[in-house]
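Everything on this sheet refers to the single structure shown next.
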Amino acid sequence: MLVSEPIDDDTGQWNRQKVHILFAPSTRCEILAIPLNALHRRDELEWKENRARRFSVKDAYHVAIRLSHQDGAEHSNARIDGKVWKTIWALKVPPKVRNFIWRVCSNILPTKENLHSRRVKMEPRCDICYQQPESTSHLLWECPMARNVWARVQKCSNQMAAKVYHGSHYWYSGGLSAPCSIPERHSSRTIRSLAVLLVSVR
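In structure tokens, the structure reads:
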């Protein structure tokens, strides 16, 4: 059934008789309370986030950022200064890796804890260890499985892997104003390694 079916073609208003025939009593009043445009203008999609009323990817990006702030994420973009964001977006890694790091810093990964906080009906505990809620921090650093991955990386690599692990966890847990707690001469290479390793841990 089309929305236009219970609307009178001549008046542009609801045809009460059709509404009573087509809909249950519980919804009739709600439908009839919806005001209709009597000028017979075609419906148009409007984007309320700019004066031109037209959608743009740039505006959608800013809306997404604003909504992530409003959701009260425990590690919001507000805690990360512009220098760090420039570092993230300048990483010479695939775009999906940069996007993943952005999601980690914004705490908007679809972890079970985040979904549960948004009233998705599910058990928030980690499916791997069944001990702690599956938060971003738990998923990437604290879960025994994640710790095992990091341990193997450190065993097969050098001390830089240890710096990536400790620096990245510090970075996420509270030191987001600086890329990592590592020497400046290693920062670019280490952050690049961090980005790729975090995706692997996931």
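For the sequence shown, my numbering gives the first residue as 303, with consecutive numbering after it.
All C-beta atoms in this analysis are idealised placements derived from N, C-alpha and C, irrespective of residue type, glycine included.
TODO: Give the single residue among R420, L347, P308, L441 whose Cα lies nearest to the Cα of R318.
DONE: For the set R420, L347, P308, L441, the Cα lying nearest the Cα of R318 is the one of P308.
Open item on the list: Assuming E348 and V365 are in contact, meaning their beta carbons sit under 8 Å apart, how far apart are those beta carbons, in whole angstroms?
Closed with: Not confirmed; about 14 Å, so no contact.
- [ ] Quick one: grab the DSSP three-state call for P446.
- [x] Here P446 sits in helix by DSSP.
- [ ] For P327, name the three-state secondary structure that DSSP assigns.
- [x] In the structure shown, P327 sits in a helix (DSSP, three-state: H, G or I).
Task: Sheet register partners of I390 (DSSP bridge) - done: None, per the DSSP bridge assignment.
Open item on the list: Tell me the rounded alpha-carbon separation between A589 and R421.
Closed with: Nothing about residue 589 can be reported from this structure: the residues present for the chain run from 303 to 504 only.
TODO: Name the two residues that bound the continuous alpha helix (DSSP H) containing N401.
DONE: Counting along the chain, the alpha helix (DSSP H) containing N401 begins and ends at 397-408.
Open item on the list: If I follow the unbroken alpha helix (DSSP H) through E415, where does it start and stop?
Closed with: It spans 414-419 - the alpha helix (DSSP H) in which E415 sits, taken as one unbroken run.
- [ ] May I ask you to report which of helix, strand or coil DSSP gives I336?
- [x] I336 sits in coil when the DSSP states are folded into three classes, being neither helix nor strand.
Task: Buried or exposed (CB count within 10 angstroms, at least 16 for buried), N401 - done: Answer is exposed; the Cβ neighbour count stays below 16.
- [ ] Taking the CB atoms as reference points, tell me whether M303 and L324 lie closer together than 9 Å.
- [x] Less than 9 Å separates the beta-carbon of M303 from that of L324.
Open item on the list: Can you give me the C-alpha to C-alpha distance between T413 and V406, rounded to a whole angstrom?
Closed with: Distance between the alpha carbons of T413 and V406: 10 Å.
Task: Residue environment, A448, which counts as buried when at least 16 other CB atoms sit within 10 Å - done: It is buried - the Cβ of A448 has at least 16 other Cβ atoms within 10 Å.
Open item on the list: Assuming contact is defined by CB atoms lying nearer than 9 Å, are P446 and E436 in contact in what I supplied?
Closed with: No; because the gap between Cβ atoms is not below 9 Å, this pair is not in contact.
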